[in-house]
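Heads up, the sequence shown is in our numbering, so the first residue is 6 and it goes up one at a time. Note that beta-carbon positions come from the ideal geometry of N, C-alpha and C, so glycine has one too. Remember, predicted model here, so these are calculated numbers, not experimental data.
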Amino acid sequence: MGSNISRHYRYLRSIACRTKRSSPFTRLSEFHVTSALDTLRESLIESKIDFEELDSSTLLLMVPGEKKLYTNVIFKVSDKTLSINAFVIRKPDQNIERVHEWLLRHNAATYLLSYAVNELGDIYLVGRLPIGLVSKEEVDRILGAIHEYCDSSFNILLELGFADAIRREWAWRLSRGESVANLEAFKHLQS
Numbered sequence: 006m007g008s009n010i011s012r013h014y015r016y017l018r019s020i021a022c023r024t025k026r027s028s029p030f031t032r033l034s035e036f037h038v039t040s041a042l043d044t045l046r047e048s049l050i051e052s053k054i055d056f057e058e059l060d061s062s063t064l065l066l067m068v069p070g071e072k073k074l075y076t077n078v079i080f081k082v083s084d085k086t087l088s089i090n091a092f093v094i095r096k097p098d099q100n101i102e103r104v105h106e107w108l109l110r111h112n113a114a115t116y117l118l119s120y121a122v123n124e125l126g127d128i129y130l131v132g133r134l135p136i137g138l139v140s141k142e143e144v145d146r147i148l149g150a151i152h153e154y155c156d157s158s159f160n161i162l163l164e165l166g167f168a169d170a171i172r173r174e175w176a177w178r179l180s181r182g183e184s185v186a187n188l189e190a191f192k193h194l195q196s
């Protein structure tokens with residue numbers, strides 16, 4: 006589990022550390038970048054969401070959830086857009102086509118964000134917002150969307166992509182007399 010978390014953290018940091026395309030900054034774009042970053046910081050502090058500044062244009066934050074305890078998110082501000090990357094789950098072990106089909110069907114109903122798969126097969130929510138539209142209200146909607154989409158899809162995607170692993174974990178815990186409380190959502194897989 007720890008190695009997966011660090012792998013996803015490294016991937017999110019690699020997104021954050023990619024070099025920007027060289028483009029001349031105007032006073033207006035610098036103003037928009039500074040304003041957007043200030044708005045993001047204020048919104049996150051008001052929402053009591055932990056964040057870390059990775060560099061002068063990138064924030065790493067943890068959006069709390071219920072089914073999924075938290076979601077790692079990168080907000081990257083450029084002179085034109087706010088880029089959003091939120092980790093959903095690692096690459097599924099099984100039923101990859103069914104998982105991808107589920108993601109595609111649900112993309113039609115999402116606000117600003119879409120499910121995407123990276124080069125490793127891990128699943129993310131990604132989106133872009135024009136820099137001039139970054140406001141506290143919009144940040145609140147984005148955070149709400151991340152929470153809703155990650156939390157509501159979490160157990161479904163785990164069941165589709167990791168059913169065999171869940172069954173093995175359930176049996177292993179029972180054989181050792183350990184709790185299966187956090188696997189209760191998957192009790193029906195034991196039949």
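Would you call the CB atoms of residue i and residue j closer than 9 angstroms?
i	j	result
residue 194	residue 171	yes
residue 143	residue 130	no
residue 93	residue 159	yes
residue 74	residue 139	no
residue 148	residue 52	yes
residue 55	residue 66	yes
residue 13	residue 77	yes
residue 166	residue 89	no
9 angstroms is my cut-off, CB to CB: does residue i come that close to chain D?
i	result
residue 170	Among the protein chains of the structure shown there is no chain D, as only one such chain exists.
Given a threshold of 16 other Cβ atoms within 10 Å of its Cβ, counted over all protein chains shown, does residue i qualify as buried or as exposed?
i	result
residue 48	buried
residue 62	buried
residue 109	exposed
residue 182	exposed
residue 179	exposed
Look up residue i in the DSSP assignment and say whether it is helix, strand or coil.
i	result
residue 196	coil
inquiry  = Report the start-end ranges of each beta strand (DSSP E) in the region 113-185 that is 3 residues or longer and not cut off at the edges.
reply    = 119-122, 128-135
query = Of all the alpha helix (DSSP H) runs that stay within the bounds of the region 48-114, which reach a length of 4 or more residues?
reply = 101-112
ask   = Between the region 121-129 and the region 94-105, do at least 3 Cβ pairs fall closer than 8 angstroms?
value = yes
Given 8 angstroms, three or more beta-carbon pairs between the region 141-155 and the region 103-119 = yes
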